Amino acid sequence: MRAVPGLRVDEIHVWRGERHVLRGVSFEVSPGELLHVSGANGTGKTTLLRVVAGLLRPDHGVVHWQGHAITRVRSEYHSALAYASHEPALKSDLTAFENLRFMVGLKRRVSPGELLASLNRTGVAECADLPARVLSAGQRRRVAMARVLACRASLWLLYEPYTNLDTAGSHLLSSLLDEHVSTGGLALVVAHHEVSLAGTRHFGLNA
Amino acid sequence: MTVGLWRAFCLVLHRELLLSFRRPDQLLQPLVFFLIVTTLFPLGLSVQLSLLREMAPGVLWVAALLSSLLSLDSLFKSDADDGTLEQLALSGQGLTLLIVAKTLAHWLMSGAALVLISPIVGTALAIPVNAFGIMMVSLTLGTLTLSWLGAIGAGLTVGLKRGNVLLSLIVLPLAMPLLIFGAGATDRAISGTSAEGALYLLAALCVLTCTLAPFAATAALRITLE
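Those protein sequence lines, which keep their order, are chains V and R. All residue numbers for the first sequence refer to this note's numbering, where the first residue is 7 and numbers rise by one. All residue numbers for the second sequence refer to this note's numbering, where the first residue is 50 and numbers rise by one.
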């Protein structure tokens, strides 16, 4: 077996009850690459992302990280991964800053300055001390993006990251992705939104 | 730099306690429920002190179990709803450790608080003051065990829309030994005989659940996450 420095997804099959959702999905993502996964509703984009993250065990097939099955290197893999699902994963009673401090703090030792810098980068620095419940959907999305940024993970798994973002926010996200990928990071982005950055490959899921 | 186990444990514990203090209503509701239910009995029963004293351990323990159940439903629910649970599972830290921290925080805010107010209830139920010590120790062991049993139940039912009734149906049968030994210990303390045997059995149940339940709860949550 060839050891690939990066992510390799091998012949993934997932059944959901009677439905064969993913039928032999295979791809590779190398450092400096962004894989844009698209597909119509119900083609298993969410399922695929959950399988790649290691939240869902596939019925057949293996996800490899740096040449090892992720089930064998679970904690290393998860330390190298930043995941943003359609839920921004913010506690509404905690401030944006506290949300970041607890979630990023589990991944790496991080100083308050760094967290504020990522909030600043995603344009929500003024919301740092506001409880997440008063933030708009777009602001929540930006805080979630700040979390991904502050994790300094090498692999980003993003689900519909452009949802709720305004035009400036979309440009910002694109530039963050571009920066991440151009510095050797990997990204897997599930989005209906057009992604056309350098190093982007497209992968379509069919029903 | 990687994050050690202890640091991760403290972070989750701190987060849970902070969240509880931000929502004091959720903290107070089970306690007020406990107070009200136990004061209903002296009002509803006759004023015979001896009868009340005889029933006190059972009433106290049933009320404690039910009020603990009220707060168990929320143990993983909000984290599952807002996606935080997925983030915890993907944090690179052992999920079991994080669940231990969450459950411990839950116990501190529900069980331990209930133990602290139990002397008030004890007075209302005419439990003699010299039995308060045994009563509080038995409640401490009992509520801690119940939090662990509840963590398994909450892990199993977190994905369900109306899981709280099912949660009670899963947890209450498992809590029967607690009721028997807990009420037994309190009863013996009231009558002035040695409560050691019942306390040791409660402690054994507590150790058993503290050591095994975290793994069972983790397995339950992983199934739910899928």
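Cβ atoms here follow ideal geometry from the backbone N, Cα and C, with glycine treated the same way. Here the structure is a predicted model, which is why all the values come from computation and not from measurement.
query: Any idea what DSSP makes of Leu-121/R, helix, strand or coil?; result: helix
query: In chain R, what lies closer than 8 angstroms to Phe-103/V by C-beta?; result: Here the premise fails: no neighbours, minimum Cβ distance about 12 angstroms.
query: Would you mind telling me which residues of chain V sit closer than 8 angstroms to Gly-204/R, beta carbon to beta carbon, in chain order?; result: Simply none; closest approach about 15 angstroms.
query: When the Cα atoms are used, what is the spatial distance from Ala-95/V to Met-151/V?; result: 11 angstroms
query: Going by C-alpha distance, which of Arg-237/R, Pro-263/R and Leu-205/R is nearest Ile-272/R?; result: Leu-205/R
query: I'd like to know whether the C-beta of Leu-203/V is nearer than 9 angstroms to at least one C-beta of chain R.; result: no
query: Report the option in Val-57/V, Thr-128/V and Arg-56/V whose CA atom is closest to the CA atom of Leu-179/V.; result: Thr-128/V
query: Determine the chain R residues that contact Met-109/V at a beta-carbon separation under 7 angstroms, and present them in chain order.; result: Gln-136
query: List the endpoints of the continuous beta strand (DSSP E) containing Arg-29/V.; result: 25–35
query: Can you tell me whether Val-27/V is buried or exposed? The criterion is at least 16 other CB atoms within 10 Å of its CB, across all chains shown.; result: buried
query: Can you name the residues of chain V whose CB is closer than 9 angstroms to the CB of Ala-57/R?; result: Gly-111 and Leu-112
query: Listed in chain order, which residues of the region 52–81 of chain V have Cβ atoms closer than 9 angstroms to some Cβ of chain R?; result: Arg-56, Ala-59, Gly-60, Leu-61, Leu-62, Arg-63, Arg-80 and Ser-81
query: Going by the beta-carbon positions, is the gap between Ala-266/R and Ile-201/R smaller than 9 angstroms?; result: yes
query: Express the C-alpha separation of Arg-107/V and Val-215/V in angstroms, rounding to a whole number.; result: Because chain V spans 7 through 213 in this model, residue 215/V falls outside it and cannot be assessed.
query: What's the C-alpha gap between Phe-125/R and Asp-99/V?; result: 15 angstroms
query: Less than 9 angstroms separating the beta-carbons of Ala-193/V and Leu-183/V?; result: yes
query: Please classify Asp-236/R as buried or exposed, where buried requires at least 16 other C-beta atoms within 10 Å of its C-beta.; result: buried
query: By DSSP's criteria, Glu-39/V is part of a beta bridge. Which residues make up the other side?; result: Leu-192/V
query: Could you give the DSSP three-state label for Ala-90/V: helix, strand or coil?; result: strand
query: If we count the other Cβ atoms within 10 Å of its Cβ and call it buried at 16 or more, is Ser-167/R buried or exposed?; result: buried
query: Label Asn-212/V either buried or exposed according to how many other C-beta atoms from any shown protein chain fall within 10 Å of its C-beta, with 16 as the threshold for buried.; result: exposed
query: For Asp-16/V, which three-state DSSP category applies?; result: strand
query: Apply the 10 Å Cβ neighbour rule to Cys-133/V and answer buried if 16 or more other Cβ atoms are within range, or exposed otherwise.; result: buried
query: Check this for me: beta carbons of Leu-195/R and Leu-114/R, under 9 angstroms apart or not?; result: yes
query: Decide if Val-164/R is buried, meaning its Cβ has at least 16 other Cβ atoms within 10 Å, or exposed.; result: buried
query: Which class does Val-58/V belong to by DSSP, given the choice of helix, strand or coil?; result: helix
query: Am I right that Ala-112/R and Ile-183/R are in contact with their C-beta atoms under 8 angstroms? What's the rounded C-beta distance?; result: Rounded, the Cβ-Cβ distance is 17 angstroms, inconsistent with contact.
query: Would a check of beta-carbon distances place Phe-98/V closer than 9 angstroms to chain R?; result: Strictly speaking, residue 98/V in this sequence is Ser, with Phe absent from that position. True, the Cβ-Cβ gap to chain R drops below 9 angstroms.
query: So with CB distances below 7 angstroms, who are the chain V contacts of Gln-142/R?; result: Leu-112
query: Would a check of beta-carbon distances place Val-111/R closer than 9 angstroms to chain V?; result: no
query: Could you check whether Val-15/V and Gly-70/V sit closer than 9 angstroms to each other, using their CB atoms as the reference points?; result: It should be pointed out that residue 70/V corresponds to His in this sequence rather than to Gly. A contact, by the Cβ cut-off of 9 angstroms.
query: With a 10 Å radius around its C-beta and 16 neighbouring C-beta atoms as the bar for buried, classify Phe-103/V as buried or exposed.; result: buried
query: Using a Cβ-Cβ cutoff of 8 angstroms, what residues of the region 61–85 of chain R are near chain V? List them in chain order.; result: Val-61, His-63, Arg-64, Leu-67, Leu-68, Arg-71 and Arg-72
query: Rounding to the nearest angstrom, what Cα-Cα distance links Val-139/R and Leu-66/R in this structure?; result: In the sequence as presented, Val is not what sits at residue 139/R; that position holds Leu. So the two alpha carbons sit approximately 22 angstroms from each other.
query: Between the Cα of Gly-208/R and those of Leu-274/R, Pro-177/R and Ser-69/R, spot the shortest distance and give me the residue it belongs to.; result: Leu-274/R
query: Going by the CB atoms, is the gap between Leu-13/V and Thr-206/V shorter than 9 angstroms?; result: no
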